[in-house]
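Below: one structure, written as structure tokens.
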Amino acid sequence: MFRPLQEFSGKIAIIQRATTALEKIFGLLDDKEQISEGDSTLEETKGHIVVDDVYFAYKEEDILKGVSMEVKPGEVVAIVGSTGSGKTTLIRLLTRSYEGYRGSIKLDGVELSSLSPQTVRDTTATVQQDIQLFSETVHFNVALDNPEINEKQVEAAASIVHADTFIEDLPDQWKQVLRERGANLSAGQGQLLTFARTMAYDPKVVILDEATANIDSKTETLIQDAIAQIFSRKTVIVIAHRLSTITAADRILVMNKGRVAEQGTHKELLEQGGLYASMYESGFSENT
């Protein structure tokens with residue numbers, strides 16, 4: 001007699017928890033979009049970025065403190081700095097993932113906050129450490145079902161970054177269905193596939209958060225070659241962890257406590273004997 005009542009009361013509790021969860025979900029869906037929609041357009045996309053005296057605060061604490069930098073079309077700028085130096089926050093502002101900064105951020109002469117998030121996404125591709133792959137074919141994972149990207153473009157993009165070297169070894173090659181998050185690929189293969197996606201979408205600006213995963217030497221060589229191909233074709237801002245990536249940059253920005261502490265080439269910064277030189281001597285993998 002009591003068992004059915006206990007089971008019923010247990011189900012009531014589950015329903016109540018589910019109702020509460022649904023209320024939270026629908027509340028989030030009903031909220032207005034956090035990022036405002038701008039109405040400015042880009043007449044010509046070149047990939048010229050100017051950051052001027054930018055401040056950004058979180059919970060009344062300044063994370064960025066007067067950051068200024070310029071990235072010219074076709075230039076490669078590496079950003080290095082210890083955890084908490086402001087690298088990631090700066091990148092999120094550049095991709096319009098965050099708003100509410102003070103100062104100015106311009107893309108091709110237009111204030112970033114006046115552009116729609118979609119315009120920024122069409123112009124700027126972000127390659128994160130966290131690889132986003134889906135339980136779909138290789139082709140789908142590169143083109144993301146974009147009707148403007150055909151099979152030849154997918155394969156050409158993959159060839160540029162050497163992703164075709166492993167794709168053609170897969171049982172079903174380009175039609176191979178991947179597991180969620182690329183579970184049936186190595187970390188390096190997943191990175192190459194996301195590079196192929198970036199090249200297929202052909203953005204003017206690439207923002208790369210270089211992965212730190214341990215990768216076999218053969219794949220590591222392919223990845224470095226792929227990064228070199230991206231560097232030669234795009235305006236690139238890279239949160240860099242590998243010395244080879246850092247030294248390949250046209251310019252290096254060293255961030256410390258929310259500020260740009262130093263900038264210059266690898267040689268120039270070593271000669272200064274400052275923060276960058278200390279990071280170089282202690283090993284970048286531990287500091288960036």
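In terms of the working numbering, the sequence shown is numbered consecutively and its last residue is 288.
For each residue, glycine too, the CB sits at the ideal point set by N, CA and C.
Boundaries of the alpha helix (DSSP H) in which residue i is found, first to last residue
{"i": "ALA143", "result": "138–143"}
{"i": "THR95", "result": "Here THR95 belongs to no alpha helix (DSSP H), and DSSP marks it neither H nor E."}
{"i": "ILE252", "result": "Premise fails: ILE252 lies in the beta strand (DSSP E), 251–256, not in any alpha helix (DSSP H)."}
{"i": "ALA158", "result": "151–160"}
{"i": "GLY188", "result": "187–201"}
{"i": "ARG259", "result": "Note, ARG259: premise wrong, no alpha helix (DSSP H); beta strand (DSSP E) at 259–264."}
{"i": "THR245", "result": "243–248"}
{"i": "THR165", "result": "164–167"}
{"i": "SER282", "result": "275–282"}
Alpha-carbon to alpha-carbon, residue j and residue i
{"i": "PRO77", "j": "ASN184", "result": "The sequence as given places Val at residue 77; Pro does not occur at that position. Their backbone Cα atoms lie some 33 angstroms apart in a straight line."}
{"i": "ALA226", "j": "MET199", "result": "10 angstroms"}
{"i": "THR194", "j": "ARG179", "result": "15 angstroms"}
{"i": "ALA277", "j": "GLU271", "result": "8 angstroms"}
{"i": "GLU60", "j": "ALA240", "result": "29 angstroms"}
{"i": "LEU93", "j": "GLY86", "result": "11 angstroms"}
{"i": "ILE160", "j": "ASN146", "result": "19 angstroms"}
{"i": "ALA132", "j": "GLY109", "result": "Checking the sequence shown, residue 132 turns out to be Gln, not Ala. When rounded, the distance between both Cα atoms is 31 angstroms."}
{"i": "SER97", "j": "SER282", "result": "33 angstroms"}
{"i": "ALA196", "j": "LYS65", "result": "35 angstroms"}
{"i": "ASP130", "j": "THR88", "result": "13 angstroms"}
{"i": "ASN141", "j": "GLU151", "result": "12 angstroms"}
{"i": "MET279", "j": "GLU99", "result": "31 angstroms"}
{"i": "GLY273", "j": "LYS267", "result": "10 angstroms"}
{"i": "VAL51", "j": "LEU90", "result": "10 angstroms"}
{"i": "GLU168", "j": "GLU111", "result": "44 angstroms"}
{"i": "SER217", "j": "GLY103", "result": "43 angstroms"}
{"i": "ILE246", "j": "GLU43", "result": "32 angstroms"}
{"i": "ILE79", "j": "ILE252", "result": "6 angstroms"}
{"i": "THR231", "j": "ARG242", "result": "Reading off the sequence, residue 231 comes out as Phe, not Thr. Spanning the two alpha carbons is a distance of roughly 15 angstroms."}
{"i": "ILE149", "j": "SER113", "result": "29 angstroms"}
{"i": "GLN118", "j": "GLU75", "result": "23 angstroms"}
{"i": "LEU192", "j": "LEU107", "result": "27 angstroms"}
{"i": "ILE105", "j": "ALA187", "result": "34 angstroms"}
{"i": "ALA248", "j": "LEU269", "result": "14 angstroms"}
Residues near residue i in its chain [Cβ-Cβ closer than 8 angstroms; skip 5 each side]
{"i": "GLN189", "result": "ALA163, PHE166, GLY182 and THR219"}
{"i": "LEU275", "result": "VAL254, ASN256, ALA261 and GLU262"}
{"i": "PRO73", "result": "LYS46, GLY47, HIS48, LYS204 and THR235"}
{"i": "SER135", "result": "VAL177, LEU178, ARG179 and GLU180"}
{"i": "LEU170", "result": "VAL138 and GLN176"}
N-terminal and C-terminal residue of the beta strand (DSSP E) that residue i is part of
{"i": "VAL177", "result": "Where VAL177 is concerned, there is no enclosing beta strand (DSSP E), given that its DSSP letter is neither H nor E."}
{"i": "LEU64", "result": "61–71"}
{"i": "THR235", "result": "235–239"}
{"i": "ILE79", "result": "76–80"}
{"i": "ASP53", "result": "49–58"}
{"i": "ARG102", "result": "102–107"}
{"i": "ASP209", "result": "205–209"}
{"i": "THR126", "result": "124–127"}
Proximity to residue i [Cα-Cα], best of the options
{"i": "GLU70", "options": "PHE140, ASP53 and ILE230", "result": "ASP53"}
{"i": "THR265", "options": "THR245, MET279 and ASP250", "result": "ASP250"}
{"i": "GLN173", "options": "LYS267, GLY100, TYR58 and HIS139", "result": "HIS139"}
{"i": "ARG259", "options": "THR95, SER68 and TYR58", "result": "SER68"}
{"i": "ILE63", "options": "THR95, TYR101 and GLU75", "result": "TYR101"}
{"i": "ALA143", "options": "TYR201, SER104, ASP122 and ARG242", "result": "TYR201"}
{"i": "ARG121", "options": "THR95, PHE231 and SER113", "result": "THR95"}
{"i": "GLY84", "options": "LYS106, TYR58 and LEU107", "result": "TYR58"}
Contact set for residue i: own chain, Cβ-Cβ below 6 angstroms, skip 5 residues either direction
{"i": "LEU222", "result": "HIS162"}
{"i": "ASP209", "result": "GLN128, GLN129 and ILE239"}
Neighbourhood of residue i by C-beta distance below 7 angstroms, restricted to the same chain and skipping five residues each side
{"i": "SER244", "result": "GLN224"}
{"i": "TYR55", "result": "ASP62, LEU64, LYS65, GLY66, TYR101, ARG102 and GLY103"}
{"i": "GLN229", "result": "ILE160 and VAL161"}
Stretch-stretch touch, CB-based, cutoff 8 angstroms, three pairs: the region 186–206 with the region 230–243: yes
Any chance the region 124–132 sits against the region 142–156, with 3 or more Cβ pairs inside 8 angstroms? no
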